Amino acid sequence: MGGHAPPRKTKIAATIGPASMSPEVLEKLVDAGMDMARFKFSHATPTTNAETVTTLRKICQEKQRRVAIIMDLQGPEIRTSFLVDYSTKKRTPKIELKAGEKVKLYGTDDLSEDTFVGYRTTDGGVRLGVDLPDVAVVVKKGTCLHLMDGAIALEVVNVVPGKHIDCTVRNGGTLGERKVLHFAGLSVHSVSSSMQDLADVQNFAVQYGVDYVAASQVNGRSDIESLRNFLDDCGGESIRIIAKIETVAGLRHFDEILEVADGIMLARGALGLSIPSEKVALAQAKVTTMCKLAGKPLIVARHMLETMVSNPRPTRAEMTDVANAVLDSADCLMLCSETSSGAFPVDSFTTMSQICRNAEGAMNYQVIHSFIRDFSAKPFNTLEAAAVSLAAGATEANHVGLAIVVSNNGQAAAVVSKYRPAVPLVVVSTRASTLSQCCLTFGQLGFPATESDLADLGGAEALVARVRAWAADQGLYKPEQRVLVMHGTVTLDAEHTALIQMV
83 MGGHAPPRKT KIAATIGPAS MSPEVLEKLV DAGMDMARFK FSHATPTTNA ETVTTLRKIC
143 QEKQRRVAII MDLQGPEIRT SFLVDYSTKK RTPKIELKAG EKVKLYGTDD LSEDTFVGYR
203 TTDGGVRLGV DLPDVAVVVK KGTCLHLMDG AIALEVVNVV PGKHIDCTVR NGGTLGERKV
263 LHFAGLSVHS VSSSMQDLAD VQNFAVQYGV DYVAASQVNG RSDIESLRNF LDDCGGESIR
323 IIAKIETVAG LRHFDEILEV ADGIMLARGA LGLSIPSEKV ALAQAKVTTM CKLAGKPLIV
383 ARHMLETMVS NPRPTRAEMT DVANAVLDSA DCLMLCSETS SGAFPVDSFT TMSQICRNAE
443 GAMNYQVIHS FIRDFSAKPF NTLEAAAVSL AAGATEANHV GLAIVVSNNG QAAAVVSKYR
503 PAVPLVVVST RASTLSQCCL TFGQLGFPAT ESDLADLGGA EALVARVRAW AADQGLYKPE
563 QRVLVMHGTV TLDAEHTALI QMV
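For the working numbering, count along the sequence shown from 1 and bump the result up by 82.
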């Protein structure tokens with residue numbers, strides 16, 4: 083058996099940005115165990131993202147590692163402009179806003195990097211562009227505007243119709259480029275951003291074969307169904323959709339969103355500006371429970387280790403937050419600014435990984451399994467009944483060290499993962515999309531197979547032997563331990579008729 087550490091079951095997604103898009107940092111993140119790489123299309127151009135994805139895939143190929151790509155759409159949100167130094171006309175990453183300062187906001191639909199800019203003016207004020215052309219029409223005097231997830235607050239003190247709005251900084255802070263602007267009490271969205279999302283999906287997600295698309299500000303079933311239809315029409319049938327929950331409407335219609343989405347991302351930063359901050363934890367608990375019972379993967383995102391954007395160590399509260407998300411059975415935790423623009427992107431990742439490993443050691447799999455089994459809808463179909471049996475055997479039998487599921491489209495594997503077996507779960511599939519699903523779902527590890535492997539029932543013993551040898555070499559279990567195997571009775575694919583064996 084190899085000298086590998088036991089696998090981390092909770093998956094970690096890292097947001098790729100200026101601090102992490104170099105080949106050197108990408109390689110370090112892959113070596114550290116990055117499961118998913120998130121690319122935000124509000125921060126970088128398609129060309130830049132394409133180059134980084136190509137680099138990442140080359141690194142993964144060289145290291146024989148699989149990292150899923152998640153493309154995060156801008157969505158119908160309003161963002162500020164790029165930033166420049168007025169004296170040099172060169173780009174700058176940030177502007178300091180101080181309480182009491184004056185800020186002019188100009189709306190525009192020209193989003194080019196040369197003209198869509200903001201800067202500190204010669205008289206000491208600040209001029210910022212926003213990608214909402216009629217901002218001086220929809221915003222009224224007295225409106226409060228939030229930036230940087232609420233850290234910066236502006237109050238509208240004057241509106242010049244059709245031109246600009248004058249604001250006073252109430253809470254100052256450091257403002258970066260292309261940051262989301264929240265309008266307290268107003269429902270506004272950028273039509274141009276929505277159209278750009280569709281162009282990005284067609285020209286990037288489909289063309290470069292990303293694994294997941296994260297849809298921003300999902301408010302109901304129709305948002306997911308429209309995106310699903312668009313993906314299918316332009317050749318993206320295998321791309322899965324993650325619904326970002328960040329609005330009151332998203333919470334209100336969560337049942338219907340969960341039914342049609344392939345996974346959920348709880349965007350706590352934006353959600354905390356839509357509902358009272360003290361209710362975010364309650365929303366997280368509700369969403370986590372519903373995802374567990376539905377068997378849909380959940381990503382918990384934002385402010386996990388935010389201190390590590392500028393400090394080498396997180397706070398105790400942040401570490402506790404990460405651990406509690408693991409103990410609550412979230413499938414995946416996401417690093418945002420920590421890896422995209424922070425000073426310690428790799429340290430942030432390794433710190434989160436260590437916290438996850440420690441928290442997983444305290445998980446009571448029997449309690450989790452029993453809760454999900456008892457509160458899931460009855461009666462179980464054949465596949466779900468088999469999955470419950472396999473997960474129970476893997477959790478309760480001390481001599482079982484590994485579970486193997488032959489699952490070509492990933493359905494059987496997803497149902498088994500829902501019941502949280504205590505041992506590593508190896509998913510055997512011929513499909514890249516199913517193997518990428520393993521990068522998001524708790525406890526899953528992908529093993530590629532051929533069509534002939536799955537078509538030949540007589541070859542089950544040889545296939546299982548190959549998987550066992552690989553798993554032992556990876557340190558997933560000890561060779562003397564028993565293995566539970568779930569496969570089909572007509573072909574080895576377990577999606578419709580499942581057989582469980584102990585070997």
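Using N, Cα and C, we set each Cβ at its ideal position, and we do this for glycine too. As the structure is a computational prediction, the values presented were derived from the model and not from experiment.
- Between the alpha carbons of Phe123 and Met116 lies a distance of about 20 Å.
- Note that the segment 127–138 does not touch the segment 435–455; fewer than 3 beta-carbon pairs, one per stretch, sit closer than 8 Å.
- The residue from Leu214, Ser169 and Thr190 with its alpha-carbon nearest to that of Gly206 is Ser169.
- Around the CB of Leu364, fewer than 16 other CB atoms lie within 10 Å, so the residue is classed as exposed.
- The residue from Lys245, Gln299 and Met103 with its alpha-carbon nearest to that of Val262 is Gln299.
- Nearest neighbour of Asn490 by Cα position, chosen from Gly224, Thr532, Ala383 and Phe462, turns out to be Thr532.
- Given a length threshold of 4 residues, each whole run of the alpha helix (DSSP H) inside the segment 423–503 is given here in chain order: 427–442, 447–457, 464–478 and 493–500.
- A buried status is given to Met153, since no fewer than 16 other beta-carbon atoms sit within 10 Å of its beta-carbon.
- Just so you know, the alpha carbons of Ser304 and Ala485 end up roughly 37 Å apart.
- In the DSSP assignment, Gln143 falls within the alpha helix (DSSP H) that extends over Pro128 to Lys145.
- Of the candidates Gly332, Lys180 and Asp191, the residue whose Cα lies closest to the Cα of Arg202 is Lys180.
- In this structure Met434 is in contact with Ile94, their Cβ atoms being roughly 6 Å apart against a cut-off of 8 Å.
- Nearest C-alpha to Pro158 among Lys223, Val242 and Asn301: Asn301.
- Apart from the 5 residues on each side of it in sequence, Ala376 sits with its Cβ closer than 7 Å to the Cβ of Leu340 in its chain, given in chain order.
- By the neighbour-count criterion, in which 16 or more other beta carbons inside 10 Å mark a residue as buried, Asp413 falls on the buried side.
- For Lys368, the closest alpha carbon among the candidates Leu333, Leu353 and Glu338 is that of Leu333.
- For Gly570 and Ile324, the gap between their C-alpha atoms comes out near 29 Å.
- As DSSP reads the structure, Ser511 sits in a beta bridge with Pro530.
- If the five residues before and after Asp216 are omitted, its C-beta is found closer than 7 Å to the C-beta atoms of Gly189, all from its own chain and listed in chain order.
- Nearest Cα to His385 within the set Asp231, Lys140, Ser308 and Ser411: Asp231.
- Nearest to Gly354 by C-alpha distance, out of Ala233, Phe524, Gly182 and Val135, is Ala233.
- If the five residues before and after Arg322 are omitted, its C-beta is found closer than 6 Å to the C-beta atoms of Tyr294 and Asp344, all from its own chain and listed in chain order.
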